[in-house]
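Written out below as structure tokens is the structure these notes cover.
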Amino acid sequence: MKKAVLALFASVLLTGSAIAAQPSDVMVSIRQFVDGFNSGDTHSAFAAYEDGDITIIDEFAPHRWTGPRAAHEWAADYEKHAAATGITDGIVKYSAPTRTEIEDDLAYVIIPTVYLYKQNGQPFAEEGQATFILHAGPAGWKIRSWTWTGVKPHPAK
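Residue numbers (mature numbering (1 follows the signal peptide of the UniProt record, and there is no 0)): -20 to -1, 1 to 137.
Shown next, in the form of structure tokens:
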């Protein structure tokens, strides 16, 4: 009887996890993060992250942020970098994933991006891609890590 109860409990837990985060939902947190960044809604952007340690790799110093406050530290450093270099009006445009790999409760997703901004009033563009690692939990897919890779910024056309 004890084994049957344990087996039932385990199957409920495993099924619950599978129901909570379907592969088709993998872009939800990515969209939430990028759209939050674009609109200046940091509360929404931060809610796209998983609780606990995360890692962010980006093109401006210190280039790597890790730990439970990594998203907040990255956002603060982005603001400092933008202010110091005259960057305003930054938005990220993105397209459908070019690659999605899902194994159990982990997903690896690459999306094409274009970072558009003004530097000292001049429009710039930077084509690139963002790579995300997501974890599926009771709240769905949440961002565990991401990295930005882009070409050298150039004047926008």
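Positions of the beta carbon are idealized from the N, C-alpha and C atoms, including for glycine.
Counting along the chain, the unbroken alpha helix (DSSP H) around residue 16 starts and ends at 8 to 19. Looking at the DSSP output, residue 78 bridges to nothing. Annotated three-state conformation of residue 25 is helix, per DSSP. Here the alpha carbons of residue 134 and residue 56 stand approximately 24 Å from one another.
Taking the CA atoms as reference points, residue 34 sits about 32 Å from residue 136. If you check the CB distance, residue 95 and residue 106 come in under 8 Å.
Distances from the alpha-carbon of residue 61 to those of 119, 99, 82 put 99 closest. Taken through DSSP and simplified to helix, strand or coil, residue 52 comes out as helix. In the structure shown, residue 83 adopts extended strand secondary structure according to DSSP, grouped into three states. A Cβ-Cβ distance of about 5 Å is found for the pair residue 121 and residue 6, placing them in contact under the 8 Å criterion. Among the bridge pairs identified by DSSP, residue 103 is matched with 98. The straight-line gap separating the alpha-carbon atoms of residue 80 and residue 90 is approximately 7 Å.
In the DSSP assignment, residue 47 falls within the beta strand (DSSP E) that extends over 44 to 47. Counting every other CB atom within 10 Å of its CB across the protein chains shown gives residue 25 a total of 16 or more, marking it as buried. Using a 10 angstroms sphere on the CB of residue 21, the tally of other CB atoms stays under 16, which defines it as exposed.
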